[in-house]
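The block underneath contains the structure these notes are about, expressed in structure tokens.
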DNA sequence: ACACGTGTTATGCG
DNA sequence: TCGCATAACACGTG
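Numbering (this note's numbering), first residue to last: 82 to 356.
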């Protein structure tokens with residue numbers, strides 16, 4: 082469930098630890114993760130180059146490469162994580178620096194097992210270290226020159242007027258609009274539920290019927306939730322997230338939470354407060 | 001064993 | 001053609 086905050090954490094890891102290291106080899110043999118590239122295509126484009134910058138918009142990140150090389154796009158999908166290991170020093174096998182830990186909410190969540198086949202993509206550096214994409218579910222994606230322009234503005238940076246204009250239109254349910262990456266980029270299922278709860282808005286409200294005040298409030302709560310998730314380590318730390326579930330209650334008013342599929346995703350909200 | 005979750009993309013419909 | 005809805009994808013988890 083990497084959403085915007087988790088991807089930003091991963092980007093920071095790349096920026097901090099993977100730039101300016103020469104790529105010696107690339108394992109791009111996972112044809113699903115690297116689609117539509119054929120095996121070897123990404124390797125041929127990157128060997129000998131360096132990553133020189135790491136960017137992000139919404140849930141998509143990409144790196145510029147040296148000598149006017151192609152951009153390397155990485156999407157974490159639903160279970161992807163970026164792991165970067167330092168240069169090997171005297172045959173020492175270094176600990177991996179990790180970005181975006183989103184492994185569920187409980188302390189004892191996730192076994193931590195790392196099967197080798199879950200490493201879907203690897204950049205091996207000349208210094209002996211590597212950048213890897215670790216992805217159990219295999220819905221992540223690596224590709225050259227990704228189409229970033231298809232995404233809407235980043236959810237954490239979109240301005241007030243543009244937010245009003247882009248979100249406050251159409252007849253689809255508000256939550257579906259928020260999940261549409263072409264409208265605003267970076268909001269996933271959990272972040273959407275959190276922000277709607279914080280804003281006292283029903284996920285089912287037709288997005289075009291929101292007032293300007295409601296849209297402004299929604300944007301404020303969105304920025305707040307993103308900052309908070311970045312600080313606390315993931316969207317699962319949101320206030321209402323632990324209260325999504327059968328028999329759970331709204332942490333503000335105690336009303337039993339309601340469940341429905343909205344925008345194709347399981348949605349939980351407080352039927353009393355979110356209208 | 002089997003349903004569920006989940007971001008993206010493809011497909012379908014009015 | 002556009003906006004919206006739904007299915008498909010992969011596969012670990014409960």
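No residue lacks a Cβ here, since even glycine has one placed at the ideal position from N, Cα and C. Here the structure is a predicted model, which means the values were calculated and not measured.
{"Asked": "Are the beta-carbon atoms of residue 295 and residue 303 separated by less than 8 Å?", "Found": "no"}
{"Asked": "Residue 385: buried (16+ other C-beta within 10 angstroms of its C-beta) or exposed?", "Found": "There is simply no residue 385 to check, as the chain begins at 82 and stops at 356 in what is shown."}
{"Asked": "To which residues of the same chain is residue 324 closer than 8 Å at the C-beta, ignoring the five residues directly before and after it?", "Found": "330, 331, 332, 338, 349"}
{"Asked": "Considering only residues of the same chain and omitting the five flanking positions on each side of residue 264, which have a CB-CB separation below 8 Å?", "Found": "233, 247, 248, 258"}
{"Asked": "So, is residue 328 buried or exposed, given that buried needs 16 or more other C-beta atoms within 10 angstroms?", "Found": "exposed"}
{"Asked": "Can you tell me which residues form a DSSP beta bridge with residue 266?", "Found": "235"}
{"Asked": "Let me check one thing: in DSSP terms, what residues is residue 113 bridge-paired to?", "Found": "Paired residue(s): none; residue 113 is not in a bridge."}
{"Asked": "Thinking just about the alpha-carbon of each residue, which of 139, 213, 96, 88 is nearest to the one in residue 114?", "Found": "213"}
{"Asked": "Here's a check: name, in chain order, each residue in its chain whose Cβ is nearer than 8 Å to the Cβ of residue 207, leaving out the five neighbours to either side.", "Found": "102, 103, 104, 105"}
{"Asked": "Apart from the five residues just before and just after residue 334, which ones in its own chain have a Cβ nearer than 7 Å to its Cβ?", "Found": "351, 353, 354"}
{"Asked": "List the endpoints of the continuous beta strand (DSSP E) containing residue 322.", "Found": "Unbroken run through residue 322: none, as it is neither H nor E."}
{"Asked": "Any heavy atom of the ligand GTP closer than 7 Å to the Cβ of residue 346?", "Found": "With respect to the ligand GTP, the structure shown offers nothing to examine, as it has no ligands at all."}
{"Asked": "Can you tell which of 278, 141, 145, 151 has the C-alpha that lies nearest to the C-alpha of residue 125?", "Found": "151"}
{"Asked": "Could you please give the first and the last residue of the uninterrupted alpha helix (DSSP H) stretch that includes residue 124?", "Found": "122 to 127"}
{"Asked": "Check whether the Cβ atoms of residue 299 and residue 280 sit closer than 8 Å, and answer yes or no.", "Found": "yes"}
{"Asked": "Report the three-state DSSP secondary structure of residue 279 (helix, strand or coil).", "Found": "helix"}
{"Asked": "Assign residue 223 to one of three DSSP states: helix, strand, or coil.", "Found": "strand"}
{"Asked": "To the nearest angstrom, report how far apart residue 291 and residue 284 are at their CA atoms.", "Found": "12 Å"}
{"Asked": "Grab me the residues of residue 119's own chain with a C-beta within less than 6 Å of its C-beta, minus the 5 sequence neighbours each way, in chain order.", "Found": "none"}
{"Asked": "Going along the chain, which residues of its own chain have a beta-carbon closer than 6 Å to the beta-carbon of residue 210, five neighbours each way excluded?", "Found": "166, 167, 168"}
{"Asked": "Could you tell me the distance, in whole angstroms, from the CA atom of residue 289 to the CA atom of residue 91?", "Found": "34 Å"}
{"Asked": "In or out: residue 133 buried (at least 16 other Cβ within 10 Å) or exposed?", "Found": "exposed"}
{"Asked": "Do residue 235 and residue 267 come within 8 Å of each other at the CB atom, strictly closer than that value?", "Found": "yes"}
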